[in-house]
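In order, the protein sequences belong to chains A and B.
Start counting the first sequence at 954; every next residue gets the next number (the working numbering).
Start counting the second sequence at 18; every next residue gets the next number (the working numbering).
A virtual CB, placed ideally from N, CA and C, is assigned to each residue, including glycine.
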Amino acid sequence: MSDPEKSAALYRNARREAVVAMVLFLVAMTWTVGYCYLRGYLHTPDQQIHEPLDGGPALAAYSNPVEGWLVRTGLAVPRSPDDLGIVLGMPDWIFWGVFVPWILCAVFTMLYASWGMSDDDLGPEAEGANDGH
Amino acid sequence: MGIELSWESMQVLLAFACYLVGVAVLGIVSHRFLTKGSFVNEYFLGNRGLGAWVLALTVAATAISGGTFMGFPSLIYTNGWIMALWICSYMITPLMAMALFGKRINQISRITGAVTVPDVFRDRFQSPILGVIATLLILLFVVFNLVAQFKAGGLVMKEAMRLPPAPATLDSTRVDEGKNLRLRFTLTDGRPQEMTTPLPDERAVFLPDRTVVDDQVRQARVFFDLDGQMLEKTVRFPPQQFTLFGWSNGIDKGYLIGLVIFAATVIGYTTYGGFWAVTWTDVLEGIVMLIGVVAMAFLAVGAVPSVVSQGETLTGLSAATELLRQRDPELVFGPGPKNFLPLGMAFSFFLMWSLIATGQPSGMVRLMSFKDTPSLRKAILLVAAYYVFTYMALLVIFICARAIFPTEYLREIGTEGEPDSIMPAMTRELTKKLQLGGMTVGPFVAGALMAAPYAAIMSTVAAFLLMISSSLVRDLYQRTINPKASDRTLKRISYATTALVGIVVMLGAINPPRFLQYIIVFTGSGQGCAFLFPMVLALYWKRSTRQGVLAGMLGGFAVLLGMYVLGWIDSQTRGVENGIGRWCQVTLGGLPGWGEPRLDSFAPLYMGGVDPLLWGLMASLLFTVVVSLLTRPDPALTAKFFPTDATGSGYQLRT
């Protein structure tokens, strides 16, 4: 049987590292999907933009109410074919929404694997591992 | 009838042969390792001796499969930059797949001597039934997935050989109601054969008079008009066919030869060398893939024609992006052509790639085999770097490919069985001008590059093959049927099982089912739904019980299966006026996602606009937690797997 102290330490460390992985997962997902959707989508209306009768601003009709709300509140910025910026050969929104977070994630992963994660004793192999016990 | 091969194909095959010899040598060397230590542990797990580099490359090579090099490139080519968002959860995959429970699963499998993933479940809860159910689920998923991978392997080999099409004469051309162009040929033996290719655009108009038939290379060039712009597609003559044992419809000869070569090599080295052969060839394959795609990315960037935009001359990747924007803005903005990736699907795919990789038993078993934690940490670092290079390179290559070939290789939707040919086509294009000492070495380099997808498929297949035979030998035979089996018996049974499974799968792949693409996604998602949360909770939650884990496995799987079944019912009963059809439509019509337009009848129900995977995962989490809370864990097992240290605070949540 392995040393219970070391065994317990591994469990604690592994659990902490699992929490870090999950937090980073949520952050990465929110950033990439959120940024790309709000800044990189065309948000083409389902119907032609029409002028309201009272002379207010033109309205675009979306069959998806969430998309319509995001566009109306200005959270989502519809793109048009002519306003494409190119950064390092990529469309600007891919650069900020995918490339940058990917690099940051990779750098964080490398730093964390090098210095953040602990070294633990995995314990000896059980006796009779080859039996059908 | 002999096999006609061009000089170019010979060079490609030579490069392939060099690679295969390397693989064979590794298989033989690793066989020598099998003589020490206990056979089962050594053959299926390598005696928990994986170091950092081997662990890293084997994890990466197992995750990167045929789809990465065959399906993914053609999706980039078809949909443009949105694919960067589609694939980007690989940014987090190294941490999720390895740091989430790597240490803990390794520790627990050492405590019990577990060799396979069902072993871990069985020992953690001392429940043979749990082990058997996990085994059966793995078998179900992996066998189907293997058929698909074998098919991909056969297709790559076929592309490498590139047998010339059969000699034939073109009789007629017509456009059918499904927007497909149908070309009718007559083979030299008088049999008619039809080739189908979709129109390059829904609005494109076929120009029958301009068709050019080239009997020399046996292909027809067909032209279309789209708003005054001339588009071109190339249609090859029908493939050479091979009639086997009087089967009515012939089998593509190139595919059959490719499949047999693929199967022979991969079954051979897996059977002979076991785990070590698989991991060592993974290392070789991992390196081949990385060098291949990075080299191609550089060649691709150099091959893009420069373009002038707003008085600026753009070159390389910028030029490619600008060209895509000019041709079709949907290629450079979300959600991509034909609403490819709406918000719900963007979320789904982020979850899919990171969580499927984490929940796959073939990945878990590698985490059970590393030798110490410094190896694990270094491997995580290496995998993170590896994914950055491979996926960025693939994106760059095939964005450039779209700029270089505007429409020629658009994915042939609906013609299942057609190879996704942009990868081989791009390799040939990029290497054709390479010279070395006055000799054209392009095809040889192309062969070396095309070995990359082949390597990817091989490593996935080898890992799965070994997992199936370990399931059969270890989980069913040794632990359930004959616990007292001797090492010698186990050895013979292991070899026989590995080889037999391989052969059965190969036979299945000779005439693979049409809806293979959905099977791949289904089996991948299925493994995630059945194993991810049950495993995480079994490892970290001392309150989890065997009933809970069992419920989570089966519940997650059932919900996922349900979505696919519902999707199928929806497609089958649409427009059906008889009793059952109407009843289904009326009763189920209220489900969210019901009645949405679907690509074909095997597409699942996308409830709430997200992939079934998400619902399956949620069900599996919910079932595991709720059923565990309703039942009681065994205190002896909790004490065994959740050790307390001197302060008694080992497993207690510190508040």
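Query, Result
"For Leu43(B) and Pro1054(A), the rounded distance between their alpha carbons", "38 Å"
"Inter-residue Cα distance where the pair is Leu1041(A) and Ile421(B)", "19 Å"
"Every unbroken alpha helix (DSSP H) within the region 161 to 186 of chain B, with a cutoff of 4 residues, ordered by chain", "none"
"Cβ-Cβ separation, Ser488(B) to Ile155(B) (assumed contact under 8 Å), whole Å", "5 Å"
"Under 8 Å by beta carbon: chain B residues contacting Tyr1015(A)", "What Tyr1015(A) touches in chain B: nothing, since even the nearest Cβ is about 12 Å away."
"Residue range of the unbroken alpha helix (DSSP H) whose run includes Ser637(B)", "Pro629 to Leu647"
"Rounded C-alpha distance that separates Leu37(B) from Phe142(B)", "43 Å"
"Beta carbon proximity, Thr1026(A) to chain B, threshold 8 Å", "no"
"Per DSSP, cross-strand counterpart(s) of Ser326(B)", "Glu329(B)"
"Proximal residues of chain A, C-beta to C-beta of Glu446(B) below 8 Å", "The premise fails here: Glu446(B) is roughly 19 Å from chain A at the closest Cβ pair, so nothing lies under 8 Å."
"4-residue-minimum alpha helix (DSSP H) runs that sit fully inside the region 1048 to 1081 of chain A, ordered along the chain", "1053 to 1064"
"For Asp587(B), the first and last residue of its enclosing alpha helix (DSSP H)", "Arg563 to Thr590"
"Check: Phe640(B) C-beta below 7 Å from any heavy atom of the ligand MG", "As far as ligands go, the structure on display features none, and thus does not contain the ligand MG."
"Extent of the continuous beta strand (DSSP E) to which Asn197(B) belongs", "Asn197 to Leu204"
"Selected residue, minimal CA-CA separation from Leu494(B), among Gln28(B), Ser47(B), Val57(B) and Gly39(B)", "Looking at the sequence shown, residue 494(B) is not Leu but Tyr. The shortest C-alpha separation from Tyr494(B) is found at Val57(B)."
"Distance between Pro652(B) and Val644(B) (C-alpha atoms, nearest Å)", "17 Å"
"Residues that Asp1073(A) contacts on chain B, provided the C-beta gap is smaller than 7 Å", "Lys120 and Thr390"
"Backbone secondary structure at Ser189(B) - three-state DSSP", "strand"
"Between the CA atoms of Phe167(B) and Gly665(B) - distance to the nearest angstrom", "Residue placement at Gly665(B) cannot be trusted, given a pLDDT of 48 that sits under 50; what the coordinates show is reported in the next sentence. Distance between the alpha carbons of Gly665(B) and Phe167(B) is about 52 Å."
"Leu243(B) - DSSP class collapsed to helix/strand/coil", "strand"
"Proximity test, Cβ basis, 8 Å: Asn123(B) and chain A", "yes"
"Span separating the alpha-carbon of Glu594(B) from that of Trp600(B)", "9 Å"
"Close Cβ partners of Leu340(B) (< 6 Å) along its chain, the five nearest in sequence each way excluded", "Val324 and Ala420"
"Where Met339(B) meets chain A, residues with beta-carbon distance less than 9 Å", "In the sequence as presented, Met is not what sits at residue 339(B); that position holds Glu. Ordered by position in chain A, the residues that pass the 9 Å Cβ test against Glu339(B) are Leu1037 and Ile1039."
"Beta carbon proximity, Asp651(B) to chain A, threshold 8 Å", "no"
"Residue-level contact to chain A via CB, Gly434(B), 8 Å cutoff", "Low confidence applies to Gly434(B): its pLDDT is 39, below 50, so where it sits in the model is not reliable, and the reading given next is rough at best. Not an interface residue."
"Where Val986(A) meets chain B, residues with beta-carbon distance less than 8 Å", "Leu102, Leu360, Ala363, Phe364 and Phe367"
"Contact list for Val1051(A) against chain B, beta-carbon separation under 7 Å", "Ala101, Leu102 and Cys105"
"Cut-off 6 Å between Cβ atoms - residues of its own chain near Ala1082(A), not counting five sequence neighbours on either side", "At Ala1082(A), the pLDDT of 47 sits below 50, so the modelled position is not reliable and the matter cannot be decided from this model."
"Touching by the beta-carbon criterion (3+ pairs, under 8 Å), the region 92 to 110 of chain B and the region 508 to 526 of chain B", "no"
"Residues of its chain near Gly573(B), where Cβ-Cβ distance is below 6 Å and the 5 sequence neighbours each way are ignored", "Cys546, Ala547, Gly633, Ala636 and Ser637"
"Closer than 8 Å to chain B by CB, Trp1022(A)", "no"
"Beta-carbon neighbours of Arg1032(A), restricted to chain B and to distances below 7 Å", "Phe350"
"Secondary structure of Ile150(B), DSSP reduced to three states", "helix"
"Sequence-distant residues of the same chain with beta carbon closer than 7 Å to Met1043(A), five excluded per side", "Phe1052"
"Residue ranges of each alpha helix (DSSP H) within the region 261 to 315 of chain B, 4 or longer", "none"
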